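Peer 1: Take this structure, written in structure tokens, and hold onto it; I'll ask about it next.
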Amino acid sequence: MENIEYQPNLLRTGAKVLVDSLQDQGVKMIFGYPGGAVLPLYDQLYDAAIPNILTRHEQGAIHAAEGYAKATGKVGVVLVTSGPGATNVVTGIADAMSDSVPLVVITGQVATAGIGKDAFQEADILGITLPITKHNYQVRCVDDLPKVIAEAFHIADTGRKGPVVIDLPKDITLQETAARFSLPVQRKSYQPTIDPSILQIEKLMQVLSKAKRPVVLAGAGVIAAEAAAELHSFVGKYQIPTVTTLLGLGLLPVAHPLFLGMGGMHGTYAANMALSEADLIINIGSRFDDRLATAGSRFGKQAIVAHIDIDPVEIGKIVATKIPIVGDAKAALQQMLRYKPSPNQWHDWVDCCQTRKAEKPYRYDRTQQEEIKPQWVIEEVGRITKGEAYVVTDVGQHQMWVAQYYPFQFPKQLITSGGLGTMGYGIPAGIGAQFAYPDKTIVVFVGDGGFQMTNQEFAILNEYGLNVKFVLLNNQSLGMVRQWQETFHGERRSASVFSQQPDFIKLAEAYGVQGIRITDNDKLTSDLEAAFAEKGPQLIEVMVSTSEHVLPMIPPGKENHEMMGV
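The numbers in the sequence shown follow my numbering, run straight up by one, and end at 567.
Rendered as structure tokens:
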């Protein structure tokens, strides 16, 4: 076996191998929940330098690891027991797969002799997670463990990043091995393409030199490649109007003159019109998902489409691509920056895009005083935090309002569940982000629906001295569900309005977290400022409009220019 040596005088248990390997990988913390199948691992952690963050549910552990990974770009590590412990992280694994989040998820398993025999707390986690992981392993020989761990981190954190599961039977953690694995990982069956084709880059730059209405579409792949600086240089050098996806927000500061905003279902008028009218769309690190390319194959039908992506599977999957470029976004942009720009022949196009951005920004009724508008809450939080907070959201209307109204300034600033749209994500992901950056301001926006899915994680806020600020936008409903029912289902609000709710402030106080409820427009600004000035975690419940819709909106199946509520 390559890169493996045996040192008979240095025997280690499987549990010791795991902990040593995590330390070798530079792991700073684990998010986990113990159980019988992983007790040898937790016993080994007792004396280790790697802390286990004891969440109050396995779903909380994996979303916290996602928040940590999205904030830092590093691999998040999860450790849970077999059976229900493993199945409780399935949603988070699927979420990480959808958003290309690097995770290593270690699941306990019954002893090898009991596998396949319906043993206590046995679940076929390999079979369950096969479609939602980048790779998964079940370790059947303790000698394989050092290599498996090294490979898992390598696979999770290279190419298109994603979750890897290591299923670890209990007896393997107790057995001893003399095996040691030395880096680097060499796996012939896994060789992601990093350097893009020079010929394809040349073709793209030739097409760009003849374009009249080019647009750059930048997604999370640019962030994953740590290529924000190169993107900034490229669009500035060539003066190309730029649109981002939801997960690409922050790649350009919101005030950048060439930034048109987020595209797609709830994107800006300027961004969606640019995508509709462009004659060249340069997609860098976005997968053309249905919330962006709402009309599917009819998206950008006037444009030549160039698609730069590290995952060849995504190229041409949704939108026909004339110039496919497989490779790392940073490497591609560095090659593109070597070309000398032609005299800018699209001044009128840039002027048109900038005029649209100025004339038709996001808007809401700022004059009424009967209800608190959720958009205003987000704008005020942006002002108070000077646009410098790490912002985490749950899923629903508030997620889209945050994308629209918070003034994002830098990459990795927005941490949210994009592809899977997982309610309950926000609270634990915010906790994970605060562990990543203990001295930074972390703001979690959450709705009253999502809050009730994972609020048990409030229990660890004071235990670990976290300073997260939670802004609960309470519209007494599942707001996005209600909006769709009101728009597309004849206003038949079926199972979307809460007739009764708990006292969220008392619930927070039961966990030792200070809370404040804001019900009056006149007090919103002063109460928000006071809450953000306080030390320690805070729950800020704001009773917002119960009828507000997220606008603009592209109805399902419509093209990007067919927006409602512009």
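For every residue, glycine included, the Cβ atom is placed at its ideal position computed from N, Cα and C.
On a predicted model such as this, the values are computed, not experimentally measured, just so you know.
Going by DSSP, what residue range makes up the alpha helix (DSSP H) through Met263?
Peer 2: First-last for Met263: 260-263, but that is the beta strand (DSSP E), not the alpha helix (DSSP H).
Peer 1: Run through DSSP, which three-state label would Met424 get?
Peer 2: Looking at Met424 - three-state DSSP - the assignment turns out to be coil, as it is neither helix nor strand.
Peer 1: With C-beta atoms as the reference, is Val378 less than 8 Å away from Leu525?
Peer 2: In contact: Val378 and Leu525 (Cβ atoms closer than 8 Å).
Peer 1: Evaluate contact between the stretch 236-243 and the stretch 341-356, counting only Cβ atoms and requiring at least three cross-stretch pairs below 8 Å.
Peer 2: Because the criterion of three Cβ pairs below 8 Å is met, the stretch 236-243 and the stretch 341-356 touch.
Peer 1: Can you give me the Cβ contacts of Arg161 inside the same chain, cut-off strictly under 6 Å, excluding the 5 residues immediately before and after it?
Peer 2: Around Arg161: Ser101, Ile311, Asp312.
Peer 1: Specify, as a first and last residue, the run of the alpha helix (DSSP H) that Leu209 falls within.
Peer 2: Segment 199-211, the alpha helix (DSSP H) holding Leu209.
Peer 1: Could you tell me how far apart the beta carbons of Gln477 and Gln502 are, in whole angstroms, since I believe they sit closer than 8 Å?
Peer 2: 7 Å between Cβ atoms; contact.
Peer 1: Where Ser500 and Asp48 are concerned, what is the direct C-alpha to C-alpha distance, given to the nearest angstrom?
Peer 2: If I take the Cα positions, the gap works out to 50 Å.
Peer 1: From Pro35, Gly383, Gln110, Ala332, pick the residue whose C-alpha is nearest to that of Val223; which is it?
Peer 2: Nearest option by C-alpha distance: Ala332.
Peer 1: Tell me, to the nearest whole angstrom, how far the beta carbon of Gly431 is from that of Gly68; I am working on the premise that it is less than 8 Å.
Peer 2: That belief holds up - the Cβ atoms of Gly431 and Gly68 are roughly 6 Å apart, short of 8 Å.
Peer 1: Could you check the C-alpha separation between Thr488 and Glu123 for me, to the nearest Å?
Peer 2: Straight-line Cα distance between these residues: approximately 45 Å.
Peer 1: Which first and last residues belong to the alpha helix (DSSP H) in which Glu6 is found?
Peer 2: Careful: Glu6 lies outside any alpha helix (DSSP H), inside the beta strand (DSSP E) at 5-7.
Peer 1: For the beta strand (DSSP E) containing Ala219, list its first residue and its last residue.
Peer 2: Run containing Ala219: 215-219, per the beta strand (DSSP E) assignment.
Peer 1: Just how far apart, CA to CA, sit Gly220 and Asp144?
Peer 2: Each residue's Cα considered, the two are about 41 Å apart.
Peer 1: Taking Phe459 as the reference, which of Leu55, Gly15, Thr14 has the closest Cα?
Peer 2: Measuring from the Cα of Phe459, the nearest candidate turns out to be Leu55.
Peer 1: CB Ile326 to CB Ser198, shorter than 8 Å?
Peer 2: Cβ atoms of Ile326 and Ser198: closer than 8 Å.
Peer 1: Alpha carbon to alpha carbon, how far is Pro375 from Pro41? Give it in angstroms, no decimals.
Peer 2: C-alpha separation (whole angstroms): 48 Å.
Peer 1: Grab the span of the beta strand (DSSP E) containing Thr108 for me, first residue to last.
Peer 2: From DSSP, the beta strand (DSSP E) with Thr108 extends over 104-110.
Peer 1: Quick check on this structure: which residue in Ala434, Arg13, Gln201 has the alpha carbon closest to the alpha carbon of Ile173?
Peer 2: Cα-wise, what sits closest to Ile173 is Arg13.
Peer 1: Rounded to the nearest angstrom, how far is the Cβ of Val79 from that of Val90, given a contact under 8 Å?
Peer 2: About 6 Å separates the two Cβ atoms, so the contact holds.
Peer 1: Taking the alpha helix (DSSP H) that Gly383 belongs to, which residues open and close that run?
Peer 2: Segment 375-385, the alpha helix (DSSP H) holding Gly383.
Peer 1: For the alpha helix (DSSP H) containing Glu487, name the first residue and the last one.
Peer 2: Unbroken alpha helix (DSSP H) run through Glu487: 480-489.
Peer 1: Taking the C-alpha atoms as reference points, what is the distance between Thr322 and Phe235?
Peer 2: Cα-Cα distance, rounded: 21 Å.
Peer 1: Please report the Cβ distance between Gln410 and Gly251, rounded to the nearest whole angstrom; I am assuming they are in contact, meaning their Cβ atoms lie under 8 Å.
Peer 2: Between Gly251 and Gln410 the Cβ distance is about 7 Å, and since that is below 8 Å, they are a contact.
Peer 1: Just list the residues that DSSP pairs Glu542 with in beta bridges.
Peer 2: Per DSSP, Leu473, Arg518.
Peer 1: Roughly how many whole angstroms lie between the Cα atoms of Leu218 and Leu281?
Peer 2: Computed Cα separation, rounded: 10 Å.
Peer 1: What do you reckon, are the CB atoms on Asp449 and Met424 nearer than 8 Å?
Peer 2: No, these two residues do not count as a Cβ contact at 8 Å.
Peer 1: Per DSSP, which one or two residues make a beta bridge with His136?
Peer 2: Per DSSP, Val165.
Peer 1: If you follow the alpha helix (DSSP H) that Tyr239 is in, where does it begin and where does it stop?
Peer 2: Its alpha helix (DSSP H) spans residues 229-239.
Peer 1: Does DSSP classify Ala307 as helix, strand or coil?
Peer 2: Strand at Ala307.
Peer 1: Out of curiosity, what's the CA-to-CA distance linking Leu276 and Ile305?
Peer 2: So the two alpha carbons sit approximately 11 Å from each other.
Peer 1: Specify the secondary structure class of Ser177 as computed by DSSP and reduced to three states.
Peer 2: Residue identity check: residue 177 is Glu in the sequence provided, not Ser. DSSP places Glu177 in strand when its eight states are reduced to three.
Peer 1: Below 8 Å on the Cβ atoms is my guess for Met274 versus Arg357; work out the distance and round it to an integer in Å.
Peer 2: So it is a contact: roughly 6 Å between Cβ atoms.
Peer 1: Return helix, strand or coil for Leu11, following the three-state DSSP convention.
Peer 2: In this structure, Leu11 counts as coil in the three-state DSSP scheme.
Peer 1: Report the residue from Thr108, Val149, Gly74, Leu104 whose alpha carbon sits nearest the alpha carbon of Ala87.
Peer 2: Selected option, being the one with the closest Cα: Thr108.
Peer 1: Beta-carbon separation of Arg214 and Ala279 under 8 Å?
Peer 2: Their beta carbons are under 8 Å apart, which means Arg214 touches Ala279 by this criterion.
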